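See structure below.
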């Protein structure tokens with residue numbers, strides 16, 4: 001993109017393909033965001049939005065903090081990019097069309113829909129999301145025929161996948177202190 | 001005096017120009033698939049139970065427990081009263097080609113003794129899966145009798161008779177507010193989509209929203225705004241809607257409900273106590289959403305995450321995810337499912353897109 005390194009390339013469709021070093025550099029920071037989520041009792045998913053070799057948005061899950069179940073890492077990062085566009089007088093459409101998302105876990109169906117609506121061209125992610133995954137696990141939103149829902153996008157998956165799964169397992173072993181008490185538990 | 005007033009009221013609400021229909025899962029709404037099978041006449045009625053046992057041992061018809069093995073002969077003038085399924089066409093090694101029907105001796109592995117009591121076989125179509133709805137059952141039964149465990153609620157829903165006139169009046173009341181919100185949004189330069197979240201247990205509006213996608217944030221679809229307004233009502237929230245006064249919420253705590261009598265005229269005290277007794281409200285658990293048009297895939301999945309109870313929408317969308325392109329609300333591999341109904345004030349909602 002802005003200053004592409006030697007290993008990065010544009011494919012026939014003009015989609016940017018980061019090299020292994022590039023992926024390693026950004027995914028490292030996405031994992032740091034996921035760790036921050038875990039430390040704060042949120043589902044450990046972290047992400048980064050990179051444009052012109054610059055981080056425009058960072059996100060981690062904020063569902064419990066905001067009492068809004070749609071505040072996934074991707075949605076949080078998107079808001080930061082929008083804010084950046086606003087402050088720098090850039091058209092969000094132009095920016096998102098050249099932004100790569102680096103995220104530790106496969107985006108869910110909702111986030112995949114959001115990424116399509118914004119026409120983000122490429123998503124690099126760690127592990128699969130068997131419960132909600134919208135990039136092939138439960139549905140394949142980036143590839144499906146949805147002419148009214150933005151544009152399809154490409155995915156590169158599997159980077160540090162085991163580590164990302166391990167973090168999710170750690171979270172789900174704990175209880176969600178924000179969920180309402182179940183009726184069964186109320187009895188004792 | 002009282003009954004007379006009541007009667008007039010029902011007469012008034014009798015004139016709904018719309019019908020509300022459930023958006024059912026693929027399994028419930030699809031047509032019936034059929035398999036080819038060989039059936040044969042039972043020559044002597046007294047042999048029936050003996051033949052059923054023998055054929056069940058020879059051809060158990062696994063996975064087809066819904067098929068009744070024996071049926072009454074459809075031709076009233078036939079000399080034999082009953083017919084029985086011998087086996088599936090696929091049970092035979094497909095040596096016989098060209099559509100010729102094998103003889104009964106061939107079907108029963110050439111064992112002459114077993115063939116007594118059965119006439120010459122003929123081909124029938126039998127339903128491959130148990131029928132789940134009455135229309136499926138009726139279609140299946142035209143071909144071969146099946147058992148049917150009717151879900152009465154689904155039958156009533158398919159007839160468009162699930163809701164009483166009073167319930168439809170409530171739906172209309174709420175959808176009118178969603179339409180008003182859509183119009184208010186349009187005046188702000190937004191897409192004309194409106195949404196409303198209500199707590200049906202206390203018949204109270206908790207959040208009203210219009211689409212804000214033409215604002216600096218293109219993802220603020222009406223449903224996303226509504227979900228965030230509910231979060232605000234619970235002390236959270238992520239966005240500020242001060243610029244859009246038509247988007248508002250009601251804090252979900254009992255004292256506020258009672259203080260604001262005019263905004264919530266029909267709060268029922270005892271049910272409110274019940275609602276708060278079970279603890280603090282948790283996102284959209286137990287709530288209903290009214291939205292003027294079918295949500296997109298982002299919004300539909302946002303509703304799964306938010307644990308909505310029911311969704312009522314007016315018109316379908318070409319990329320809609322609650323019936324048109326996907327049925328996100330019925331997907332078994334997701335951790336929450338909910339009911340969806342379409343057609344509420346359909347024509348009025350349709351008109352919004354022409355504004």
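Residue numbers (this note's numbering), protein chains in the order written: chain A, 1 to 188; chain F, 1 to 355.
All C-beta atoms in this analysis are idealised placements derived from N, C-alpha and C, irrespective of residue type, glycine included.
Remember, it's a predicted structure, so these values are computed and weren't measured experimentally.
- A direct Cα-to-Cα measurement between residue 60 of chain F and residue 65 of chain A gives close to 58 Å.
- For the stretch 291 to 311 of chain F, the set of positions with a beta-carbon nearer than 7 Å to some beta-carbon of chain A reads 296, 297, 298, 301, 302, 305 and 306 in chain order.
- Residues 294 of the same chain have their beta carbon placed closer than 6 Å to that of residue 320 of chain F, with the five preceding and five following residues left out of the count.
- Taken atom to atom, the span from the alpha-carbon of residue 72 of chain F to that of residue 339 of chain F is near 40 Å.
- Contacts between residue 118 of chain A and chain F, judged by CB atoms closer than 8 Å, involve 218 and 219 in chain order.
- Look at residue 197 of chain F here: in three-state DSSP terms it is strand.
- Distance between residue 91 of chain A and residue 239 of chain F, taken at the CA atoms: about 20 Å.
- A contact between stretches requires three or more CB pairs, one per stretch, nearer than 8 Å, and the stretch 131 to 149 of chain A meets this requirement with the stretch 88 to 107 of chain A.
- The beta-carbon separation of residue 145 of chain F and residue 83 of chain F, rounded to 10 Å, does not stay under the 8 Å limit for a contact.
- Under the three-state reduction of DSSP, residue 165 of chain A is assigned to helix.
- If you check each beta-carbon in the stretch 225 to 243 of chain F against every beta-carbon of chain A, the ones closer than 7 Å belong to 227, 228, 231, 234, 235, 236, 237 and 238.
- Per DSSP, the beta-bridge partners of residue 327 of chain F are F:322.
- For residue 301 of chain F, the enclosing alpha helix (DSSP H) has its first and last residue at 297 to 305.
- Listed as beta-bridge partners of residue 41 of chain F by DSSP are F:83.
- Note: residue 46 of chain A is bridge-paired with A:60 in the DSSP secondary-structure output.
- Per the coordinates, the alpha-carbon of residue 121 of chain F lies some 55 Å from the alpha-carbon of residue 299 of chain F.
- Shown here for residue 228 of chain F: same chain residues with a beta carbon closer than 6 Å to its own, the five before and five after excluded, namely 237, 238 and 239 in chain order.
- Between the alpha carbons of residue 283 of chain F and residue 137 of chain A lies a gap of roughly 26 Å.
- Shown here for residue 316 of chain F: same chain residues with a beta carbon closer than 8 Å to its own, the five before and five after excluded, namely 293, 294, 323, 324 and 342 in chain order.
- Around the beta-carbon of residue 232 of chain F, 16 or more other beta-carbon atoms lie within 10 Å, marking it buried.
- Within a 10 Å sphere around the beta-carbon of residue 214 of chain F sit fewer than 16 other beta-carbons, which makes this residue exposed.
- Contact between residue 219 of chain F and residue 78 of chain A holds, since their C-beta atoms are separated by about 7 Å, short of 8 Å.
- Flagged as an interface residue toward chain A: residue 335 of chain F, by a C-beta distance shorter than 8 Å.
- Residue pairing from DSSP places residue 108 of chain A in a beta bridge opposite A:133.
- Within the same chain, and ignoring the five residues on either side of residue 222 of chain F in sequence, the residues whose Cβ sits closer than 7 Å to its Cβ are 193, 194, 195, 209, 210, 211 and 291.
- If you draw a straight line from the Cα of residue 32 of chain F to the Cα of residue 128 of chain F, it is about 7 Å long.
- Residue 325 of chain F reaches chain A at 146, counting residues in chain order whose Cβ is nearer than 7 Å.
- In the DSSP assignment, residue 339 of chain F falls within the unbroken beta strand (DSSP E) covering 339 to 342.
- Using a CB distance cut-off of 8 Å, residue 123 of chain A does not count as an interface residue toward chain F.
- Taking C-beta atoms under 8 Å as the contact rule, residue 305 of chain F and residue 70 of chain A qualify, at a distance of about 6 Å.
- At the C-beta level, residue 281 of chain F and residue 234 of chain F come within 8 Å of one another.
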